[in-house]
Ligand code: ME8
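Shown next, in the form of structure tokens:
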């Protein structure tokens, strides 16, 4: 009988800068799921790759004085190096500059045109260059900026092809609301409200203002919109509309597309619409995770050096990094990265938890039995509970893996690690070891521990593929005992198992010393100008006189209270002490600041702005913030000793 298949994909990354720890999360998470499914006996296809076209790449290559292809070749090598370092077991790597993909996208575009879903029109609208996205007026944020990155958008007008989305609106709404396509499901309503209810607008799918893209075969001055090109990768990589591969029938529809929230809309709406228009089956699940943030901002290329995965990996091992980022990230929510949290997590879970369990157990088997357990046994108190928990673990992990809840799968595994450590304390083998008549009981205790470690490390091996073989070796688990099937059973190690003491697999880290060291490294590796995402300052507004400026009253004020505005993702409502009796201001910064980040801080406000109501809440002024490189806004905090009400001039 043919094996069941499992097809999982990461997004294809933009090689417009170097890969960073944010990219690592999705790739490591998909790798772990792919490995888990392989262990379960599935025929797995794990796809990753790079999304190499678009204006941003064209511009970066031009700045670097090389061709776009030379530019992406160099960056792709860096992505591949990182994936090899992180022990990523992808089955296929797609580059959108690969010939077969280019031709297949051209065919897909032509097919949609012939079917009448793509038509020629004229585009007048708003274009966000950093996001390479077109937006309609109604989609812009409250400041008239890009709803994704909140940077300024440009008026654009040109002949263009459009993809008719409206015929699929009803089906997409049902897909989002009535099926378990989207994970977590609570995001579905927000998508429906923001994009489908206002009327699903036709999507502009070609560009004429730059060349670095896939030409439309029947109208060569147009290149295919980068998202149509990119999304198609999930099927072209299997051989859809090309002869390079012949796996489409076998693996499509995908079991899981995993992406971060910034590109949820493309995968939840545009991608299903494309597949519906092509009359192809829809993927089964879209798992959307949050961002790894650093100091409250999305981790991005410009912050990459601060937490360079190579530097961290060299210090603590690739598996410790894999473990930490997967353990921290809950499906759907952001996870804030800090070296301190990471080191504490490595110490508590890996060094004190698993590492200690393995080294104590192996050391005792060595000490009391010369490394080989005798066959005599004596059951005792606490055994049943440990054995029951260890035996039940596989089913629990399976459940979380199937729901793409990796952090919860890991949490279950580490509950059993803690249970086993507690079992050592309960059974006190060092006391048993002193009494010749308790040898059979001691052998049972150590056997139960070794077999629990076998189950734990087998289930952990897809997540930590480099270090678990070291555990197998130390506990004397040979290949025959290490399998998914055996991970569901207790008593698999031979009765007279022989352990092998070895290196400490997870050494304890001295937190203070390590943080100092890392700070030194960060100092040397402070983001360099050429590593940064190019930040294009928006064009200057028309000149004003000093008298015009004098009309704007900017004041220092202190945040006394702050809360999210109900029914709005973006707005915070702040109560300010402005030195003049206080006021309420509503600000569109909820995506980047939590209320507690702001309470007590002094900020700058435009104090004489005409009051408005935002989402029904009155706002008397505006908080000053500046666009940051990551597409968000950073509040401008003045010198905190300035008095409330001080005038800025
Ligand atoms: O969007 N935290 O590519 P991209 C967590 N080419 N994940 C992060 C992250 C962070 N701070 N930063 C990036 C694109 N990611 C398109 C995709 S797919 C058809 C085309 C991860 O290089 C996350 O998976 O900007 C996110 O979805 C992806 O990188 C975006 O990578």
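Numbering (this note's numbering), first residue to last: 8 to 656. Beta carbons: idealized from backbone N, C-alpha and C, even for Gly.
Apart from the 5 residues on each side of it in sequence, residue 494 sits with its Cβ closer than 7 Å to the Cβ of 401, 462, 465, 466 in its chain, given in chain order.
When secondary structure is reduced to three states using DSSP, residue 272 falls in the helix class. Here DSSP, grouped into helix, strand and coil, assigns residue 506 to coil. Residue 319 sits buried, since 16 or more C-beta atoms from the chains shown fall within 10 Å of its C-beta. For residue 406, the enclosing alpha helix (DSSP H) covers residues 390-409.
Nearest neighbour of residue 198 by Cα position, chosen from 154, 397, 387, 56, turns out to be 154. The beta carbons of residue 424 and residue 361 sit about 5 Å from each other, so the pair counts as a contact at 8 Å. Residues of the same chain with a CB within less than 7 Å of the CB of residue 117, apart from the 5 flanking positions on each side, are 224, 225 in chain order. The Cβ neighbour count for residue 455, taken over all protein chains shown within 10 Å, is at least 16; the residue is labelled buried. Selection 131, 503, 217 evaluated against residue 372 yields 503 as nearest (Cα-Cα).
The nearest non-hydrogen atom of the ligand ME8 is 7 Å or more from the C-beta of residue 142.
In the DSSP annotation of this structure, the continuous segment of the alpha helix (DSSP H) that includes residue 86 starts and ends at 75-92. A check of alpha carbon separations from residue 30 across 56, 43, 15 identifies 56 as the nearest. Between the stretch 544-558 and the stretch 637-648, the count of C-beta pairs closer than 8 Å stays below three; the two stretches do not touch.
No Cβ-Cβ contact shorter than 8 Å links residue 115 with residue 169. The three-state secondary structure of residue 243, taken from DSSP, is helix.
Only exposed fits residue 587, as fewer than 16 other CB atoms lie within 10 angstroms of its CB.
Beta-bridge annotation (DSSP): residue 168 is paired with 127. With a contact defined as Cβ atoms closer than 8 Å, residue 284 and residue 119 qualify at about 6 Å. Between residue 563 and residue 650, the C-beta gap is smaller than 8 Å, which places the two residues in contact. Shown here, residue 450 sits in a helix according to DSSP, grouped into three states. By the Cβ-count criterion, residue 340 is exposed, with fewer than 16 other Cβ atoms from all chains shown falling within 10 Å of its own Cβ. In this chain, the alpha helix (DSSP H) harbouring residue 436 covers 436-439.
Residue 284 carries a helical assignment under DSSP once its states are collapsed to helix, strand and coil. In the three-state reduction of the DSSP assignment, residue 459 falls in the helix class.
With fewer than three CB-CB distances shorter than 8 Å, the stretch 375-393 does not count as touching the stretch 352-367.
With respect to the 8 Å criterion, residue 164 and residue 136 are not classified as neighbours on the basis of their beta carbons.
Relative to the non-hydrogen atoms of the ligand ME8, the Cβ of residue 58 comes within a distance shorter than 7 Å of at least one.
Under the three-state reduction of DSSP, residue 251 is assigned to coil, being neither helix nor strand.
Counting of Cβ neighbours within 10 angstroms places residue 327 among the buried residues, the total reaching 16 or more. Here residue 511 is exposed. Its C-beta has fewer than 16 other C-beta atoms within 10 Å.
Between residue 101 and residue 54, the alpha-carbon positions lie close to 7 Å from each other.
Residue 35 has its CB no nearer than 7 Å to any heavy atom of the ligand ME8.
The three-state reading of DSSP puts residue 222 in strand, counting E and B together.
Here the C-alpha atom of residue 20 lies approximately 17 Å from the C-alpha atom of residue 156.
In the structure shown, residue 17 falls within a strand segment according to DSSP collapsed to helix, strand and coil.
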